[in-house]
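What follows is one structure encoded as structure tokens, with my remarks underneath.
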Amino acid sequence: MRITQGAFSFLPDLSDEEILAQVSYSLDSGWAVSVEFTDDPHPRNTYWNMWGLPMFDLSDPAGVMYEINRCRQAYPNHYVRVNAFDSSYGRQTTALSFIVNRPAEEPGFRLSRTETQDRRISYSISSYASDKPSGERY
Amino acid sequence: MDTSAKRSWDFQMNRADQPRADQPRADQPRAMESGTALSEGDPVADAEGTLLLDDDLINLYEEKEKTKIEAILARLDDELVGLGPVKTKLAEISSLLLVDRMRKRFSLASSRPNLHMSFTGSPGTGKTTVAMRMAELLFSLGYLKKGHLVAVTRDDLVGQYIGHTAPKTKEVLKRAMGGVLFIDEAYYLYRPENERDYGQETIEILLQVMENQRDDLVVIVAGYKDRMDKFFESNPGMNSRIAHHVDFPDYSIEELDQIARLILKDQSYYFSKEAEETFREYLNKRMTQPHFANARSVRNAIERSRLRQANRIVNSQAEKVSKDDLMKITAEDIRLSRVFLDL
């Protein structure tokens, strides 16, 4: 099951040119771009591992593309995303975040129901991939 | 009332059916448009816009006009005195790039030329200024995407402990991408006397990026001629990746004089008749002394005479000061220099 997190995730995967265009839009807006990766696709997994520090003072997207490609090389079967952080006063939050790399096969999520007090049911989901220890998934 | 409401609704419907070309459609991702808007101003896109047929002709004048080469070269000519060989080299490089651009439109083979350069010359001969113009030139020809200049020295590239150098160098390289990376006094990167010096690591990363990411970045290394030669000797890989070696000659005394005039004019000052002669005398003496830094020394000398002029005016006890007084630098202001005192 294809996971849909961040912007553009319902579109077909972005090509490198499209990623470059998005990153250059972010840089032109004065946002600091960073690259992150993970192998835990749970929707509540907010903090992914950082691939290097966020990149400040860039003016050309080529530098970001370079890091994306290095991250893809190191973790070809992980999720890799690009974040753009808007530090302007009053916003100070992630302005754009989208996935640039995903595993070839995404097994999807298991829905588990637990019966609790008074026959109430609580639901939780977990990825089939995360049954294995980190690093051996996908 | 009923009909007018319906009409306006109709009107809106019509508008919605035929979205105006200049309005972004709602279903397009927002950032996408900026991507296309960016490429409009991109000179490369212009060049590749239309492929020409074999018997088509290109208007050379228009092509020059579009890339603004002439304007940039003319500005270089105005702003920089002398430097004949440098200007010739620059004109040659820009002509090659222009021809390459035109060849591309006929879909003739045109590999991206190697644009890394080395600028050698004494201090104050305008290496940084020329590098800045070079960045502009390459940008307007479409060989650089942004055309900014990132000037660095050893300190910005080489780390202080193991594992510090690579990220530091890479960060600088990323910042320079799309523009020119100007490494001043590049020979300090290589310190043969200390074999564990981290400079070697920087050179290796530099070489790799210079080779693999030629499209994204132009590297200009600069420094004194003799030391640069030694640097290239011990780093043959660096030498072979640099296509253009430009040597900046020292300025003659006439040229230095001309530079002084330009600086003065810029700051709305002028030399009195005697001051002109005294300044020549000053230059003659200063040129033989150590640490003479060509144009930079001239600039500093003028700065100091401005100080002395200001001091003279303030302490003159004259009742009134004219505009001319404030602009004129007299022989006395120059003669008080250390250069004359020493003898």
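If you read the sequences in order, they're chains L and R. So the first sequence is residues 1 to 138, counted in the working numbering. So the second sequence is residues 139 to 481, counted in the working numbering. In this text, a Cβ means the ideal position worked out from N, Cα and C, and glycines have one as well. In this text, all values refer to a predicted model and were calculated from it rather than measured experimentally.
Output the boundary residues of the beta strand (DSSP E) element that contains Val384/R.
His382 to Phe386
Around the Cβ of Val33/L, are there at least 16 other Cβ atoms within 10 angstroms (buried) or fewer (exposed)?
buried
Taking 8 Å as the threshold (beta carbon to beta carbon), is Ser127/L in contact with chain R?
no
Can you name the start and end residues of the beta strand (DSSP E) that Val347/R belongs to?
Counting along the chain, Val347/R falls outside any beta strand (DSSP E), though it belongs to the alpha helix (DSSP H) covering Gly337 to Asn350.
Could you tell me which chain L residues have their CB closer than 7 Å to the CB of His286/R, listed as they occur along the chain?
Ser59
By the 10 Å Cβ neighbour count, where 16 or more other Cβ atoms means buried, how is Arg313/R classified, buried or exposed?
buried
Give the secondary structure of Leu479/R by DSSP, where H, G and I count as helix, E and B as strand, and everything else as coil.
helix
Mind listing the chain L neighbours of Gly317/R? Cutoff is C-beta to C-beta under 8 Å, in chain order.
Ser59 and Asp60
Could you pull the start and end residues of the alpha helix (DSSP H) that Met315/R belongs to?
Note, Met315/R: premise wrong, no alpha helix (DSSP H); not H, not E.
Cutting at 8 Å between CB atoms, please list the residues of its own chain near Met65/L, excluding the five before and the five after it.
Asp16, Ile19, Leu20 and Val23
Cβ atoms of Leu319/R and Leu355/R: under 8 Å apart, would you say?
yes
Under 8 Å, Cβ to Cβ, is there at least one residue of chain R near Tyr123/L?
no
Kindly indicate which residue of Tyr128/L, Leu58/L and Ala74/L has the alpha-carbon position closest to the one of Asn49/L.
Ala74/L
Consider the Cβ of Met55/L: report whether some Cβ of chain R lies at a distance smaller than 8 Å.
yes
Could you tell me whether the Cβ of Gly30/L comes closer than 8 Å to any Cβ of chain R?
no
Can the beta-carbon of Ala360/R be found closer than 8 Å to that of Phe257/R?
yes
What span of residues does the alpha helix (DSSP H) with Leu445/R cover, start to end?
Asn432 to Val452
Taking Cβ to Cβ, would you say Val224/R is nearer than 8 Å to Val384/R?
yes
Three-way DSSP call (helix, strand, coil) for Tyr138/L in this model
coil
What does the Cβ neighbour count give for Gly222/R, buried or exposed, with the cut at 16 atoms within 10 Å?
exposed
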